[in-house]
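Before any comments, here is the structure.
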Amino acid sequence: MSFQPNEVQRRARLASALLFLAFVFLVGSFFRTQVLQHAQYVLQSEENRLREVPLPAPRGVIYDRKGLIIAENLPGYSVSLLAPGVDSLRAALTRLSGTISLSTEQVNQAVRRFRRAPNRPAVIFPDASFEVVSVLEEHRVEFPGLIIQSSPKRFYPDGPAMAAFIGYTGEVNENELASPAFRGYKAGQQVGKDGIEKQYESRLRGREGTRFVEVDARGRVVREAGARQDLLPEAAPPLYTNIDLDLQKYVVELFGDSLIGGVVALEPKSGEVLALHSAPTFDPNRFIGGIPADYWRALNEDPRRPLYNKAIKGTYAPGSTWKLATAVLAMQDGLLTLDDRMPVACTGGYQYGNRRFKCWDKKGHGSATLAQAIEGSCDVYFYQLGLKIGLTRLVAGGIDLGARQRTGIDLPSETRPLFPTAPATDYYNRLFGPRGWSNAVSLNLSIGQGENSQTVVNMARFYTALATNGEAAQPEIVRGGSKRIRLFELDDAQMAGVRKALAGVVQRGTAAASQIQGVMLAGKTGTAQNSQDTKRDHAWFVGFAPANDAKIVVAVMLEFGGHGTRAARIASKIIEHYLKVQTTQVLNTEGE
Amino acid sequence: MTVSRSRIADPALVAIAVLLSLYGIAMVYSAGQTDVPTQVAHAYKQQIIWFCLGMSVAYAVSRASVRFLDWATTPAYALSCFLLFLLLFIGAGAGTAASTKSWLAIGGVRLGQPSELAKIAVVLILAKILAARRQAPKSLIDLWQPALAVFVPWVLIMRQPDLGTGIVFVGIFFAMLFWAGASWQLLVLVASPVVSLILAFSTGLWGAWFLVLIALVLWYRPYLVEGVVVVLANVVTGVVAPILWDTLNPYQQKRLLVFLDPSADPRASGYHVIQSQVAIGSGGWIGKGFTLGSQKRLAFLPAQHTDFIFPVVGEELGFLGVTVALTLFLVLLLRSVRIAARSADPFPSMVAFGLASAWFVHVLVNVGMTLNLMPITGIPLPFFSYGGSFMLSCWITVGILVRISGEGRGKADMLVI
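Chains as they are written, first to last, in this note's numbering: chain A, 7 to 598; chain B, 20 to 436.
Shown next as structure tokens:
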């Protein structure tokens with residue numbers, strides 16, 4: 007070793023300088039990490055330590071027009087597990103199955119839920135029974151990742167009575183999550199799946215809250231509360247509908263379990279939906295939190311198709327109820343008045359070309375005015391009227407009356423009715439080929455047969471125009487600004503005449519058995535042939551009351567219901583119930 | 020000055036070492052405060068016992084004269100090598116060094132890590148060899164003795180394998196050559212094969228390094244044989260590097276790769292580095308508070324009471340706590356260098372500098388790895404990391420330094436003996 011004092015001092019200074027540089031380097035590095043990049047690392051450390059447990063918000067309560075509850079939330083519990091990985095989740099579930107019974111399907115479902123959102127607790131029981139909850143609470147210490155929390159459960163007090171329009175709620179699925187309409191939704195959340203629940207999802211959902219739990223490096227929950235301030239869930243405001251719960255339940259009772267069909271009851275001026283039903287019905291409560299497989303199978307295998315909404319989805323030939331459309335078109339065009347007769351009197355049939363078109367009444371109606379033809383539903387009269395109007399106008403006019411339009415009712419999946427497009431000749435050339443059809447199609451169209459298939463709700467809408475001033479109201483279940491659209495233009499006298507003729511249907515005509523004591527009921531029966539079963543026709547009745555100042559429009563369609571008179575009896579009972587109940591209530595109010 | 024007034028020759032050094040130890044014990048205590056309790060919760064009690072024991076041993080050591088150290092050098096070195104050799108057959112893994120055979124255990128009772136003794140022994144033997152020469156080493160041939168003295172225990176330690184301690188040996192070797200007066204060119208020539216080893220993974224870089232090396236050889240003009248040997252050594256290491264890489268354990272390979280990019284394997288190998296940085300970074304200016312670090316509390320930090328104790332300082336006491344700790348280390352090391360510089364004789368001077376350099380490598384590598392400035396090697400932080408042998412060896416070091424300081428130039432009148 008070279009041990010010259012000067013050299014040693016030089017080396018000591020060099021070494022000290024190097025030490026100092028290393029110190030500055032380290033301190034500088036810590037400054038960069040701890041001070042300059044502080045925010046970023048704080049975020050990472052919080053992410054490490056906190057797991058978000060969603061606190062579901064109660065959905066908005068849904069009321070009927072009088073403040074009765076249609077949909078509410080029941081207290082429920084959900085059980086979920088926080089796990090750092092699939093393997094540890096499976097291990098925890100295996101241990102859990104020693105305490106409570108867990109099916110393989112439940113385990114797999116929990117794993118699927120976990121894969122979809124690994125940072126949220128994997129739900130094991132979306133709707134745990136009180137027994138399960140109490141057993142788990144007892145053993146809570148053994149399962150550190152277990153989260154038991156209240157989770158409001160949707161409930162429809164009169165479930166089967168609401169099935170046609172209320173919809174149901176369920177866990178948001180992957181397709182929904184991928185669509186832009188569900189931006190901001192997280193896997194595991196409940197969403198409206200159909201009906202009002204789906205249509206008004208954004209108003210009903212409320213705002214999910216968050217509870218923060220602290221976990222350690224292995225994902226074990228070490229602190230359940232106080233790790234960070236909870237974000238409380240916000241319940242959605244209530245939703246008020248136009249449904250008359252009393253009437254709705256009455257309608258459902260009328261249909262019982264034996265009749266198949268659809269009903270729509272509207273307030274004619276505002277379009278408020280008073281009742282909407284599709285029979286046979288089902289219980290939407292059983293759809294909440296996953297439809298049981300056997301129930302789903304039973305509903306799908308039922309030949310009466312309970313899941314097929316016969317009020318807004320099913321389309322049926324309107325039959326004679328459509329004759330009013332034909333009549334209105336002719337009167338509007340000034341072709342005739344209610345007192346005019348047709349050249350050929352009804353003898354039970356009408357010869358057109360080489361084919362005889364039958365009237366429903368083999369005895370014939372004789373020579374009738376338009377008003378009498380409506381009352382008696384004379385096919386022969388309307389065959390001639392259809393020819394007089396002409397096919398082109400018959401189709402174009404029908405389209406103007408809304409024959410090809412959805413009503414715009416605030417429900418998802420309303421079907422658009424079927425009707426020829428204009429111009430009619432092009433339509434029929436496309437349908438049958440240029441020489442495959444004759445003007446005889448006008449005869450069918452004029453009596454509501456042929457290429458015409460309407461939803462029950464659209465027929466109800468058309469009759470709101472007949473019941474008022476020629477303007478149709480857009481049906482609305484939830485209160486809002488309804489629109490009225492003019493369908494046709496008739497003067498007051500003509501409107502009164504039409505209504506008188508419709509009242510005649512119930513007083514003397516095809517629906518004479520459906521009179522209501524003290525109330526003038528107006529309406530039209532229909533008996534529609536259908537391709538599924540030629541022997542059993544669909545029965546229609548669309549009507550309103552009181553005839554001159556309508557408070558309610560009802561459209562009833564009975565699948566394979568036979569003659570329209572059967573539908574008329576049901577409609578008249580619905581109207582009677584509604585008007586009497588209403589009258590009583592008005593009296594009560596005055597008495598107070 | 021009277022003899023009785025100053026029973027401790029270098030109170031400043033001892034004071035810093037005590038402060039560091041207390042700081043360290045506090046951190047070991049905090050490291051045990053986790054939400055899910057582990058055995059670490061009681062580690063601080065043992066650490067206090069080791070601290071007291073360490074101070075007693077240090078006092079005893081400080082009573083032994085430098086001449087005694089000189090005399091003890093060869094036996095200590097021989098004993099170290101023997102124990103390290105023995106470890107290859109009976110060594111046990113434990114704690115954070117579970118995969119290595121670094122522990123000497125008899126009948127299941129762990130006695131300690133002989134590599135700690137070996138560090139001091141190697142410093143002593145190097146000091147003895149280098150101090151025996153009148154002149155600074157000028158050529159590679161002059162270095163065969165010190166190189167061999169380090170090489171034997173180094174190989175034994177690398178066989179355990181204990182990469183961290185191996186690095187410390189290399190650090191000691193170069194630092195002591197520097198203190199002995201070797202020129203920087205010579206140090207570069209000695210180090211050149213290692214550089215080749217690293218650069219060999221990129222042919223271009225290796226080629227460039229080769230040109231630099233040849234220029235250096237031509238300039239420094241060592242003996243012809245030496246020049247040839249150095250160049251050959253570079254060629255050989257460059258060629259065998261990939262082969263050597265394959266002989267590394269997969270975990271060692273991973274550690275080195277993760278050093279280059281921790282996010283390459285964030286869940287496994289990169290995990291420690293990332294979590295350590297998160298802990299330190301989230302500490303901010305003043306930290307989350309003593310014992311309150313969430314990363315530590317929730318077990319996100321690996322080996323938070325041993326190798327990764329410094330992130331606990333960073334997380335709980337923040338930049339302030341880190342700066343205080345690093346400053347204490349700086350003062351300790353500067354003080355040690357001063358002792359080395361003031362020593363009256365070459366041997367104690369070399370010893371003091373060698374011991375200081377061992378501490379320096381420990382601090383630099385340990386603290387550096389918590390910020391991913393250094394690859395992860397299981398190397399403890401002096402006075403902080405939990406561990407009996409290491410606490411003892413640190414305090415033996417203090418004792419030796421105190422003694423050398425006492426016998427130092429201009430302080431002969433303060434001698435206690």
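Just so you know, even glycine gets a beta-carbon here, dropped at the ideal spot from N, CA and C.
- An exposed status is given to Asp497/A, since fewer than 16 other beta-carbon atoms sit within 10 Å of its beta-carbon.
- Burial is judged here by how many other beta carbons sit within 10 angstroms of a residue's own beta carbon; Pro298/A has fewer than 16 and is exposed.
- Chain B has no Cβ within less than 7 Å of the Cβ of Ala128/A.
- Using a Cβ-Cβ cut-off of 9 Å, Asp54/B is close to Glu220, Asp222, Arg226, Val228 and Arg229 of chain A, given in chain order.
- For Ile148/B, no beta strand (DSSP E) encloses it; the enclosing alpha helix (DSSP H) starts and ends at Pro133 to Ala151.
- Rounded to whole angstroms, the gap between the alpha carbons of Arg234/A and Phe309/B is 20 Å.
- Here Leu335/A is buried. Its C-beta has 16 or more other C-beta atoms within 10 Å.
- Between Ala128/A and Phe120/A, the C-beta spacing is below 7 Å.
- Neighbours of Pro180/B in chain A, taken as residues at a C-beta separation under 9 Å, are lacking, since the least C-beta distance is about 27 Å.
- One alpha carbon belongs to Ala98/A, the other to Leu237/A, and they sit about 28 Å apart.
- With a threshold of 7 Å between beta carbons, Asn12/A makes no contact with chain B.
- Shown here, Met410/B sits in a helix according to DSSP, grouped into three states.
- Under the DSSP assignment, Ala23/A falls in the alpha helix (DSSP H) whose first and last residues are Pro11 to Phe37.
- Residue pairing by DSSP places Gly198/A opposite Thr175/A in a beta bridge.
- With a cutoff of 7 Å on beta-carbon distance, Pro165/B and Ala201/B are scored as not near each other.
- One thing to note: Ala271/A has its Cβ within 7 Å of the Cβ of Ala281/A.
- Listed along chain A, no residue sits closer than 9 Å to Phe220/B by beta-carbon distance, the nearest being about 25 Å off.
- Around the C-beta of Tyr301/A, fewer than 16 other C-beta atoms lie within 10 Å, and the residue is accordingly described as exposed.
- Interface residue (Cβ-Cβ distance to chain B less than 7 Å): Leu238/A is not classified as such.
- Taking the CA atoms as reference points, Phe372/B sits about 22 Å from Cys100/B.
- Straight-line spacing of the CA atoms in Ser448/A and Tyr69/A works out to 46 Å.
- For His583/A, the three-state secondary structure derived from DSSP is helix.
- In terms of Cα proximity to Pro62/A, the closest of Arg160/A, Gly104/A, His44/A and Leu305/A is Arg160/A.
- Not a single C-beta of chain A is nearer than 7 Å to the C-beta of Pro261/B.
- Residues of the stretch 333-361 of chain B that bring their beta carbon within less than 9 Å of a beta carbon in chain A comprise Gly333, Glu334, Gly337, Phe338, Val341, Thr342, Leu345, Thr346, Phe348, Leu349, Leu352, Leu353, Val356, Arg357, Ala359, Ala360 and Arg361, in sequence order.
- Close partners of Gln314/B in chain A (Cβ separation under 8 Å): Ser51, Asn54 and Arg55.
- A straight-line Cα-Cα distance of about 21 Å links Ala574/A and Asn315/A.
- Residues of the same chain with a CB within less than 6 Å of the CB of Ala140/B, apart from the 5 flanking positions on each side, are Ala95, Tyr96 and Ser99 in chain order.
- Against chain A, the CB of Leu390/B has a partner CB under 7 Å away; the residue lies at that interface.
- A straight-line Cα-Cα distance of about 29 Å links Ala377/B and Val250/B.
- The C-beta of Ile318/A has 16 or more other C-beta atoms within 10 Å across all chains shown, which makes the residue buried.
- Residue-level contact check: Ser215/B does not touch chain A, since none of the beta carbons of chain A fall below 7 Å from its beta carbon.
- Excluding its 5 nearest sequence neighbours in each direction, Gly503/A has C-beta neighbours in its own chain below 6 Å: Leu344, listed in chain order.
- Those residues of the stretch 37-51 of chain A placed with their C-beta closer than 8 Å to a C-beta in chain B are Phe37, Thr39, Gln40, Val41, Gln43, His44, Gln46, Tyr47, Val48, Gln50 and Ser51, ordered along the chain.
- Close to Gln15/A, with beta-carbon spacing below 8 Å, are these residues of chain B in chain order: Ala360.
- Assignment of Gln271/B by DSSP, reduced to helix, strand and coil, places it in the helix class.
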